[in-house]
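Novice:
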Amino acid sequence: MTGTPIPVAEAIDLPTRVWAPGFLRRHNLQLWVGGALLGVIVLLAALAPLLTSYDPAETDPASALLGPGSGHLLGTDNLGRDTWSRLLYGGRVDLSIAFIAVLVPFVGGVLIGTVCGYVGGWLDMLVMRIADIVVAFPFYVLVIALVFVLGSGRQSIFIAISVVSWVAYARIVRAEVLVLRNREFIEAGRASGLGGPRVVFRHVLPNVVTQAIVYSMSDIVMNVGVIVTLSYFGLGIVPPTPDWGGMMSNGQQFLAGGYYSLTLIPAAAVVLTSLALSLVGDGLAHALRINR
Amino acid sequence: MTAYVVRRLLLLVPVVLGVVTISFFLMHMTPGDPARDFLGDRASQQSVDALRHKWGLDQSLGAQYLHFLRDAATGHLGTSLYFGSPITHLLGVRLPVTLLLMLLGTVLAVLISVPLSVLSTASRRGYAATAVRAFNAVVQGMPTFFIGSMLILFLGLRTRVFPAGGYPEGFPHRLWALVLPAVTVALGIVPLLVRSLNASMVEISRSEFVAFGWAKGLDRARILLHYVVRNSSIAGISILGIQVGALAGGTLVVEQVFALPGMGSMLMTAILNRDYPVVQACTLCFAVLVVLVYLVTDLVYAVLDPRVRPS
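Chains as they are written, first to last, in our numbering: chain X, 284 to 575; chain E, -19 to 291.
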């Protein structure tokens, strides 16, 4: 005997490893391309002040509706505001909200789903009925009503998205936990006298959280969609703060006049961001070997 | 089966009640006074109070809620504060528009998704599969209102193939006017539908009976259409059911963009004008619609697949 043998209970209690080392080294083009694209977009938004000298809200009627070039990289809008600058600063606003708005539903939904799935009983019943009610609301009805009640702006968007989107995480994770609950290693943990919270957080949670991580990528895509849609209807980001939805709705008035770029540039930004996130999501699912 | 249907219908009651309750309290929490909005800033306090009394807004919130529940249970949805007409009448005009839009949207979504999924499954890792994935990712990234306005611009205003919006008289014209809106709502759910259908088809094509089909020497088309697509339609139905719920929410945005006189655009107007009775009636309708779609999905599922039939 060279070493002290590990007692059985302790061996079982070793944390379950999720992030297999080197999974990034596996051939995974989607993850790399998506990650790179997302990195560039985030970097552009983060470094906005260094990449443009124009104030995104500063109007200049003398240089309204200019085409690309002419001192303005992507031209100007109807009020003479620099499109490139608005695009970068708008990205800051939309992306930060979209990413932050995922955190609360993610953490809340995963915890609720894990506990409900593991504990079961009346708690599970109650929470899942609440989830049914939230899902029976057409998504935009609840979000628009909430934003209307709370007033336009970032905080309302956070709250509205959080109220609605925890359900998806809770349902995904709960379904996973229900399967996992009866697996041998969880039973072994219980049998060896580990407390409920320890089993849940150290052994169940790490195994189910990957599904939620993969889903969160599509959730961010949806958040971007919600934010720009709300702004489009005048319920989201309050002007003159730049945001992609506001830019698109503003540009739309000039589509018939042939000024496509005002709408298409922010739309392209939205589509590219979503594309990057979808690729990262698919790549992660592939890397973590999750079937979607 | 009948007992199952009855039990499922009874389970809908708490869900619908929950939706109605939330929308009631949500709307009554909105800042501002609908009576003041309706009469304008110059109206005297007396006339505002009189109107509040007429609309029952001077009662306590609990009393208003009980009042509302009693009325709703007996089919009295009240009168719109903003439109001024009975809500049952408004719904009678607007609900069919939304239902037709949802129906067309669902049909189009299936017509677009199934061939794309088959194409993607057939080519597995080939160019077609990559093209379908790219289409999916791009469409998924496009906000609904943007797809709608691009369709209006290019197929409505530029080429004038379809009307740019509105809802003309006469059924054939109406159907024609609903094509672009229906494509827009359909594209909102197509990416998820294709993804799920494709996953299900790939899984089925790995099963033993498909391997047996190959071993028997059946041709590719027969295996794909008769074995894979047919069996994936069971999973497809349940996925479609969930997505139709999302599609119902999408009508809210699409009706607004295409200026369609449906329930979604009425709800939008009502929310913005604090038209409590209309918001409640519309959310009630949407909730009932969504849960009924879920129910029908489960029933169709049970009919198609005897294994999940309730005993």
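Don't be surprised by glycine CBs; every beta carbon is placed ideally from N, CA and C. Treat the numbers as computed from the prediction; the structure is a model and nothing was measured.
How would you call T110/E, buried or exposed, if buried means at least 16 neighbouring beta carbons within 10 angstroms?
Specialist: Exposed is the call here.
Novice: Please work out which residues of its chain come closer than 6 Å, Cβ to Cβ, to S103/E, disregarding the five sequence neighbours upstream and downstream, and give them in chain order.
Specialist: Excluding positions up to five away in sequence, the list reads A109.
Novice: Listed in chain order, which residues of the stretch 411 to 423 of chain X have Cβ atoms closer than 9 Å to some Cβ of chain E?
Specialist: Of all residues in the stretch 411 to 423 of chain X, R412, I413, D415, I416, V417, V418, A419, F420, P421, F422 and Y423 have a Cβ within less than 9 Å of some Cβ in chain E.
Novice: Using DSSP with H/G/I as helix, E/B as strand and the rest coil, what is H8/E?
Specialist: Note: H8/E maps to helix in three-state DSSP.
Novice: Pick helix, strand or coil for P171/E, following the three-state DSSP scheme.
Specialist: Three-state DSSP puts P171/E in a helix.
Novice: Out of curiosity, what's the CA-to-CA distance linking A331/X and S60/E?
Specialist: The straight-line gap from Cα to Cα measures roughly 48 Å.
Novice: Rounded to a whole number of angstroms, what is the C-alpha to C-alpha distance between V190/E and L177/E?
Specialist: Rounded to the nearest angstrom, the two C-alpha atoms are 17 Å apart.
Novice: Would you call the stretch 465 to 472 of chain X and the stretch 543 to 563 of chain X in contact, with 3 or more CB pairs under 8 Å?
Specialist: Touching, no.
Novice: How many angstroms separate the CA atom of N533/X from the CA atom of V259/E?
Specialist: Going by the C-alpha atoms only, they are around 28 Å apart.
Novice: Strictly under 9 Å for the Cβ-Cβ distance: is G391/X near chain E by that measure?
Specialist: So, not an interface residue.
Novice: What in chain X is Cβ-close to A226/E, meaning under 9 Å?
Specialist: Ordered by position in chain X, the residues that pass the 9 Å Cβ test against A226/E are P421 and F422.
Novice: For R32/E, which residues from the same chain have a beta carbon less than 8 Å from its beta carbon, with the 5 sequence-adjacent residues on both sides left out?
Specialist: Closer than 8 Å at Cβ, skipping near neighbours: D13, A15 and D38.
Novice: In the DSSP assignment, the alpha helix (DSSP H) including H569/X goes from what residue to what residue?
Specialist: It spans S544 to A570 - the alpha helix (DSSP H) in which H569/X sits, taken as one unbroken run.
Novice: Going by C-alpha to C-alpha distance, which of Y401/X, L558/X, L333/X and I395/X sits closest to I503/X?
Specialist: Considering only alpha carbons, the answer is L558/X.
Novice: Report the residue from R105/E, L272/E, R202/E and Y281/E whose alpha carbon sits nearest the alpha carbon of V(-14)/E.
Specialist: If we check each option's Cα against that of V(-14)/E, L272/E comes out closest.
Novice: Which of the residues in the stretch 539 to 558 of chain X, read from start to end, lie with their CB under 8 Å from any CB of chain E?
Specialist: Against chain E - using a Cβ distance shorter than 8 Å - the residues of the stretch 539 to 558 of chain X are A539, T546, A550, V553, V554, L555, T556, S557 and L558.
Novice: In chain order, which alpha helix (DSSP H) runs of at least 4 residues are fully inside the stretch 149 to 231 of chain E?
Specialist: List check, alpha helix (DSSP H) in window: 151 to 157, 159 to 185 and 188 to 195.
Novice: Can you say whether T139/E is buried or exposed, counting buried as having 16 or more other CB atoms within 10 angstroms of its CB?
Specialist: By the 10 Å Cβ count, T139/E comes out exposed.
Novice: Around the C-beta of E235/E, are 16 or more other C-beta atoms found within 10 angstroms, so that it is buried, or is it exposed?
Specialist: Answer is buried; the Cβ neighbour count reaches 16.
Novice: Where do the N-terminal and C-terminal ends of the alpha helix (DSSP H) with E470/X fall, by residue?
Specialist: E470/X -> alpha helix (DSSP H) spans E467 to A474.
Novice: For R369/X, does the count of other Cβ atoms within 10 angstroms reach 16, so buried, or fall short, so exposed?
Specialist: Label assigned to R369/X: buried.
Novice: With 8 Å as the C-beta to C-beta threshold (strictly closer), list the residues of the stretch -11 to 6 of chain E near chain X in chain order.
Specialist: If the cut-off is 8 Å between Cβ atoms, the stretch -11 to 6 of chain E has P(-6), V(-5), V(-4), G(-2), V(-1), I2, S3 and L6 near chain X.
Novice: Can you give me the Cβ contacts of L538/X inside the same chain, cut-off strictly under 7 Å, excluding the 5 residues immediately before and after it?
Specialist: Closer than 7 Å at Cβ, skipping near neighbours: T546.
Novice: Among the candidates F4/E, W194/E and Y274/E, whose CA atom is the shortest distance from the CA of A293/E?
Specialist: For chain E, the structure presents residues -19 to 291; residue 293/E sits outside this window and is missing.
Novice: State the DSSP-derived secondary structure class of F355/X, mapped to helix, strand or coil.
Specialist: The sequence shown places His at residue 355/X, not Phe. Residue state, collapsed to three classes: strand.
Novice: Can you tell me the Cβ-Cβ gap for T10/E and M243/E, rounded? I've got them flagged as a contact below 8 Å.
Specialist: Wrong, their Cβ atoms sit about 20 Å apart, outside the cutoff.
Novice: Return the CA-CA distance between G352/X and L133/E, expressed in angstroms with no decimal places.
Specialist: Each residue's alpha carbon lies about 26 Å from the other.
Novice: What's the gap between the Cα of V73/E and the Cα of Y107/E?
Specialist: Taking the straight line joining both Cα atoms gives about 47 Å.
Novice: Which residues in chain X sit within 8 Å of L232/E, going by Cβ to Cβ distance?
Specialist: P421, Y423, V424 and I427, listed in chain order.
Novice: State the CB to CB distance for the pair I184/E and S212/E, rounded to an integer number of angstroms; the pair is presumed to be in contact (CB under 8 Å).
Specialist: About 6 Å; that satisfies the 8 Å criterion.
Novice: Output, in chain order, the set of chain X residues within a Cβ distance shorter than 7 Å of L247/E.
Specialist: Ordered by position in chain X, the residues that pass the 7 Å Cβ test against L247/E are V424.
Novice: For P304/X, is the classification buried or exposed, using 16 other Cβ atoms within 10 angstroms of its Cβ as the cut-off for buried?
Specialist: Low per-residue confidence applies at P304/X: pLDDT is 43, beneath 50, and the placement is therefore not dependable, though the value from the model is reported in the following sentence. Its Cβ having fewer than 16 others within 10 Å, P304/X is exposed.
Novice: Using a beta-carbon distance below 9 Å, is L167/E in contact with chain X?
Specialist: It does not: the Cβ of L167/E has no partner Cβ on chain X nearer than 9 Å.
Novice: Note the first and the last residue of the continuous alpha helix (DSSP H) segment covering P66/E.
Specialist: Here P66/E belongs to no alpha helix (DSSP H), and DSSP marks it neither H nor E.
Novice: Which residues, taken in chain order from the stretch 266 to 282 of chain E, show a beta carbon closer than 7 Å to some beta carbon of chain X?
Specialist: Those residues of the stretch 266 to 282 of chain E that come within reach of chain X (Cβ to Cβ, closer than 7 Å) are F266, A267, V270 and V271.
Novice: Apply the 10 Å Cβ neighbour rule to M82/E and answer buried if 16 or more other Cβ atoms are within range, or exposed otherwise.
Specialist: So M82/E ends up on the buried side.
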